[in-house]
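Colleague: Mapping to numbering that gives the first Met the number 0: the sequence shown position 122 is 121, numbers consecutive.
Heads up, the beta-carbon is just placed ideally off N, CA and C, and yes, glycines get one too.
Got a structure for you, written out below as structure tokens; questions coming shortly.
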Amino acid sequence: MLLQISGLHPFIFDTDSFTPNYDYFKDTYGHVCESDECRQLYMGTATMASEMFRIRGFYTEDHCKNVSRLACAIARKMNEIRLAGELETAGMIHDIGMMTIFSEMIGKPGKLAWFESQLLHEHPLVGYELVKKVPFPRPIAKAILEHHERLDGSGYPLGLKGDEISIGGKILAVAEVVSAMSFYRIYRDDYGVEVALNEIEKEADRFYDSDVVGACLKCFEEGFEF
């Protein structure tokens, strides 16, 4: 038996578990300004939010900028020219939902407690909720929501599979994991660009889209650097 109390909630209760309420994630606003002035405003807003991350010291490197640059490069390599500009903005604010998480938890060594993992898994949804309040082009909010989804359904927050994930979400996912694994994290021993590229190549078609992985590898072969 399906119990859906409201279309205003991102999840519905189906028998004994919660599942995504896909109606909730439909277009949340109508007209989106796509002029050059609006694009500059979008990027300026994203850069401001990214600076908040830097000031709070969430990462030792400029993670958001790295994700932004790599996602844009991958999209261009795949001839997704319009999407490249949108992912440049999305990359800068993909972790904006982390602002609701204790900084001590983010840098915690070892395994997170159950409730900490649950909080962490909510950050793409929180980011989506924040970003949709600004009339960004829709692929920006959607990519932020999906940047921790995986092709086999093992990702979060919605557990999407395969083509349920947008191309923007697939690109941002690869850009995010390559950027994160290329730099030191207190909870992980192995890191570096080579480690990161080996990881996405090994997990292509299971976690990551193979076309996106191929485009990412090509970017680095042609000289891309963080």
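1. Would you list the residues sitting across from Tyr207 in a DSSP beta bridge?
2. Is it the case that the Cβ atoms of Arg149 and Phe219 are separated by a distance below 8 Å?
3. Tell me the residue span of the alpha helix (DSSP H) that contains Asn65.
4. Within 10 Å of its beta-carbon, does Met51 have 16 or more other beta-carbons around it, so buried, or fewer, so exposed?
5. Could you pull out every residue in the same chain whose Cβ sits closer than 7 Å to the Cβ of Val212, ignoring the five residues on either side in sequence?
6. For Leu119, which of Thr99, Gly191 and Glu128 has the nearest alpha-carbon?
7. Specify whether the stretch 134 to 149 and the stretch 80 to 90 touch according to this definition: at least 3 beta carbon pairs, one from each stretch, less than 8 Å apart.
8. Out of curiosity, what's the CA-to-CA distance linking His122 and Arg75?
9. With distance defined between alpha-carbon atoms, name the residue in Asp94, Lys110 and Ser178 nearest to Glu145.
10. In the DSSP assignment, the alpha helix (DSSP H) including Ile166 goes from what residue to what residue?
11. Check whether the Cβ atoms of Thr44 and Val133 sit closer than 8 Å, and answer yes or no.
Modeller: In this structure, then:
1. Walking along the sequence shown from the start, residue 207 turns up at place 208. Tyr207 pairs with Ala203.
2. Here residue 149 refers to the residue found at position 150 of the sequence shown. Here residue 219 refers to the residue found at position 220 of the sequence shown. For Arg149 and Phe219, no; Cβs fall outside 8 Å.
3. Here the question's residue 65 lines up with position 66 in the sequence shown. It spans His62 to Lys76 - the alpha helix (DSSP H) in which Asn65 sits, taken as one unbroken run.
4. Walking along the sequence shown from the start, residue 51 turns up at place 52. So Met51 counts as exposed.
5. Within the sequence shown, residue 212 is the residue found at index 213, counting from 1. Closer than 7 Å at Cβ, skipping near neighbours: Val173, Ile199, Glu200 and Ala203.
6. Sequence index remark: in the sequence shown, residue 119 carries index 120 (1-based). Nearest C-alpha to Leu119: Thr99.
7. yes
8. Taking the first residue of the sequence shown as 1, we reach residue 122 at position 123. Taking the first residue of the sequence shown as 1, we reach residue 75 at position 76. Their Cα atoms are separated by approximately 27 Å.
9. Walking along the sequence shown from the start, residue 145 turns up at place 146. Comparing Cα-Cα distances from Glu145 to each of Asp94, Lys110 and Ser178, the minimum goes to Asp94.
10. Walking along the sequence shown from the start, residue 166 turns up at place 167. Taken as a continuous stretch (DSSP letters only), the alpha helix (DSSP H) holding Ile166 covers Ile166 to Met180.
11. Numbered from its first residue, the sequence shown carries residue 44 at position 45. Numbered from its first residue, the sequence shown carries residue 133 at position 134. Against a cut-off of 8 Å, the Cβ pair of Val133 and Thr44 comes out as a contact.
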